[in-house]
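In what follows, a structure is listed as structure tokens, so that the remarks can point back to it.
2 protein chains.
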Amino acid sequence: MHQVMKQILPSSAGNRLAALSGPSFAREVALGQPTNLSIAAEETETAHSVQIQLSSRTFRLYTTEDVIGVEIGGAIKNVLAIAAGAVDGLGLGHNTKAALITRGIAEMTRLALAMGGHPRTLAGLSGIGDLVLTCTGHLSRNRKIGEAIGKGEDPRTVLKHMIAEGVETSKSVHALAIKHKVDMPICTEVYQSLHEGKPIQAALESLLSRELKDEVY
Amino acid sequence: MHQVMKQILPSSAGNRLAALSGPSFAREVALGQPTNLSIAAEETETAHSVQIQLSSRTFRLYTTEDVIGVEIGGAIKNVLAIAAGAVDGLGLGHNTKAALITRGIAEMTRLALAMGGHPRTLAGLSGIGDLVLTCTGHLSRNRKIGEAIGKGEDPRTVLKHMIAEGVETSKSVHALAIKHKVDMPICTEVYQSLHEGKPIQAALESLLSRELKDEVY
Chain D
5 MHQVMKQILP SSAGNRLAAL SGPSFAREVA LGQPTNLSIA AEETETAHSV QIQLSSRTFR
65 LYTTEDVIGV EIGGAIKNVL AIAAGAVDGL GLGHNTKAAL ITRGIAEMTR LALAMGGHPR
125 TLAGLSGIGD LVLTCTGHLS RNRKIGEAIG KGEDPRTVLK HMIAEGVETS KSVHALAIKH
185 KVDMPICTEV YQSLHEGKPI QAALESLLSR ELKDEVY
Chain W
5 MHQVMKQILP SSAGNRLAAL SGPSFAREVA LGQPTNLSIA AEETETAHSV QIQLSSRTFR
65 LYTTEDVIGV EIGGAIKNVL AIAAGAVDGL GLGHNTKAAL ITRGIAEMTR LALAMGGHPR
125 TLAGLSGIGD LVLTCTGHLS RNRKIGEAIG KGEDPRTVLK HMIAEGVETS KSVHALAIKH
185 KVDMPICTEV YQSLHEGKPI QAALESLLSR ELKDEVY
């Protein structure tokens, strides 16, 4: 998103751009429940300035220079939340969800790395933190869409009356994965289930039949 | 644990030791629900051999050489699960829990690194994966102890009738943090709440009043 903004805004605005992202259901922020986020800007001073201005005792911002990493995490978590919802809808358990989140982080990290981000960012609030929130909290619309599909509803029907960011993002992620030659099996299955008519059971089977390997990114 | 086993077993057994760890509630494994784990051994061949022998379609092992990282993740997640339970008991929300998990991973990672482990391991199944399972699944006894304390019960009373691994592990982690000069604020607060009579509200306040900084390990 910051690349789009740089194209649109006057060049002088470029180094005043910052991205705020992390696990933050708005309702809980409003209730004053402790919330931590990442604040990313290419210029460290910009990030520190926003950190000082927006932080309170229960709303705490951590600075980073990795704008790409923060944005990738914030976007892809919506696609993975659809997969997490499908896990719920299929009646699978906590083990499967935890594995999905972990392997999902690995996918995010590979793409961020290929695009110039830093792996550590995805291990932080705007990566793991936001993904855990979206996949396990019950307030996520992305998760609900996945749940309906997991229960056997036709994605075309579901998408007629429900909408969430991850549906469109799955197309962008699929395109980016191809462009940067990054292996993103979970995101690919979400894309194929939503947009290419692949049955959800077949998507799960594809993930389970992958070759066993070392646990690396 | 593998250090202890090496001391006790004949030296020839050393390179046949492997550590299996990851998000795996036993009940769900028994039900055949998809479960992924890390299998760690200093000798790659050992890990691959166990991988081949134990894996099935729904029980999938990923190999790694980082035995220390896998063991640290499996142990510390129990301490952090007590903190996650306290978050629930205090009536705090998903944002706080997600932040706790994320900052908890950072603590695990710092200690593992200081002890010779690899940061990537903690971003994997035996780190993030197991931590997410233990902190968000409702089957964890560690989480239940934290919840009781968060609700205002006296830790001394709670520990008389409930027992979980994290209670003792919090002592070992506290000692290791001091020995390796690693900053582990969440584990320290759990230790002080359980064993030094620090009130849970004061522990929370300590975490919220820490200086704001960059989001790094």
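Going down the list, the sequences are from chains D and W.
If you're matching positions, the first sequence starts at 5 in our numbering and goes up one per residue.
If you're matching positions, the second sequence starts at 5 in our numbering and goes up one per residue.
For every residue, glycine included, the Cβ atom is placed at its ideal position computed from N, Cα and C.
Three-state class that DSSP yields for residue i in the structure shown
{"i": "residue 88 of chain W", "result": "helix"}
{"i": "residue 134 of chain D", "result": "helix"}
{"i": "residue 211 of chain D", "result": "helix"}
{"i": "residue 50 of chain D", "result": "helix"}
{"i": "residue 3 of chain D", "result": "Past the edges of chain D, shown from 5 to 221, lies residue 3 of chain D, and the structure says nothing about it."}
{"i": "residue 155 of chain W", "result": "coil"}
{"i": "residue 95 of chain W", "result": "coil"}
{"i": "residue 77 of chain D", "result": "helix"}
{"i": "residue 184 of chain W", "result": "coil"}
{"i": "residue 178 of chain W", "result": "helix"}
{"i": "residue 142 of chain W", "result": "coil"}
{"i": "residue 163 of chain W", "result": "helix"}
{"i": "residue 200 of chain D", "result": "coil"}
{"i": "residue 55 of chain W", "result": "helix"}
{"i": "residue 14 of chain D", "result": "coil"}
{"i": "residue 37 of chain D", "result": "coil"}
{"i": "residue 120 of chain W", "result": "coil"}
Residues bridged to residue i [DSSP beta-bridge criterion]
{"i": "residue 107 of chain D", "result": "DSSP output for residue 107 of chain D lists no bridge partner at all."}
{"i": "residue 23 of chain D", "result": "D:44"}
{"i": "residue 66 of chain D", "result": "D:42"}
{"i": "residue 218 of chain D", "result": "W:67"}
Whole-angstrom distance between residue j and residue i, CA atom to CA atom
{"i": "residue 8 of chain D", "j": "residue 14 of chain D", "result": "12 Å"}
{"i": "residue 55 of chain D", "j": "residue 65 of chain D", "result": "6 Å"}
{"i": "residue 221 of chain D", "j": "residue 164 of chain W", "result": "In this predicted model, residue 221 of chain D has a pLDDT of only 45, less than 50, meaning its place in the structure is not dependable enough to derive any value."}
{"i": "residue 219 of chain W", "j": "residue 16 of chain W", "result": "44 Å"}
{"i": "residue 173 of chain D", "j": "residue 161 of chain W", "result": "50 Å"}
{"i": "residue 51 of chain D", "j": "residue 127 of chain D", "result": "19 Å"}
{"i": "residue 209 of chain W", "j": "residue 94 of chain D", "result": "41 Å"}
{"i": "residue 18 of chain W", "j": "residue 169 of chain D", "result": "51 Å"}
{"i": "residue 84 of chain D", "j": "residue 177 of chain W", "result": "33 Å"}
{"i": "residue 11 of chain D", "j": "residue 191 of chain D", "result": "28 Å"}
{"i": "residue 125 of chain W", "j": "residue 200 of chain W", "result": "32 Å"}
{"i": "residue 217 of chain D", "j": "residue 171 of chain W", "result": "35 Å"}
{"i": "residue 91 of chain W", "j": "residue 36 of chain W", "result": "31 Å"}
{"i": "residue 44 of chain D", "j": "residue 79 of chain D", "result": "15 Å"}
{"i": "residue 202 of chain D", "j": "residue 180 of chain D", "result": "20 Å"}
{"i": "residue 175 of chain W", "j": "residue 195 of chain W", "result": "6 Å"}
{"i": "residue 159 of chain D", "j": "residue 197 of chain D", "result": "7 Å"}
{"i": "residue 187 of chain W", "j": "residue 67 of chain D", "result": "19 Å"}
{"i": "residue 151 of chain D", "j": "residue 182 of chain W", "result": "45 Å"}
{"i": "residue 58 of chain W", "j": "residue 104 of chain D", "result": "20 Å"}
{"i": "residue 86 of chain W", "j": "residue 29 of chain W", "result": "17 Å"}
{"i": "residue 120 of chain D", "j": "residue 69 of chain D", "result": "12 Å"}
Identity of the residue in the options nearest residue i by Cα
{"i": "residue 122 of chain D", "options": "D:19, D:164, D:74", "result": "D:74"}
{"i": "residue 114 of chain W", "options": "W:23, W:185, W:37", "result": "W:185"}
{"i": "residue 62 of chain W", "options": "W:129, W:53, W:181, W:33", "result": "W:33"}
{"i": "residue 6 of chain D", "options": "D:142, D:37, D:76", "result": "D:76"}
{"i": "residue 109 of chain D", "options": "W:108, W:132, W:21", "result": "W:132"}
{"i": "residue 212 of chain D", "options": "W:47, W:60, W:26, W:43", "result": "W:60"}
{"i": "residue 215 of chain D", "options": "W:40, W:26, W:25, W:20", "result": "W:40"}
{"i": "residue 48 of chain W", "options": "W:29, W:58, W:20", "result": "W:20"}
{"i": "residue 31 of chain W", "options": "D:96, D:57, D:86", "result": "D:96"}
CB contact flag (residue i, residue j, <9 Å)
{"i": "residue 116 of chain W", "j": "residue 137 of chain D", "result": "no"}
{"i": "residue 156 of chain W", "j": "residue 147 of chain W", "result": "no"}
{"i": "residue 118 of chain D", "j": "residue 71 of chain D", "result": "no"}
{"i": "residue 135 of chain W", "j": "residue 81 of chain W", "result": "yes"}
{"i": "residue 98 of chain W", "j": "residue 38 of chain D", "result": "no"}
{"i": "residue 149 of chain D", "j": "residue 204 of chain D", "result": "no"}
{"i": "residue 25 of chain D", "j": "residue 42 of chain D", "result": "yes"}
{"i": "residue 139 of chain D", "j": "residue 88 of chain D", "result": "yes"}
{"i": "residue 112 of chain W", "j": "residue 145 of chain W", "result": "no"}
{"i": "residue 129 of chain D", "j": "residue 100 of chain W", "result": "no"}
Any non-hydrogen atom of the ligand PLP closer than 8 Å to residue i Cβ
{"i": "residue 163 of chain W", "result": "Looking for the ligand PLP in the displayed structure turns up nothing, as the structure carries no ligands at all."}
Beta carbon proximity, residue i to chain A, threshold 9 Å
{"i": "residue 102 of chain D", "result": "Although the question refers to chain A, the structure presented lacks it and instead comprises the protein chains D and W."}
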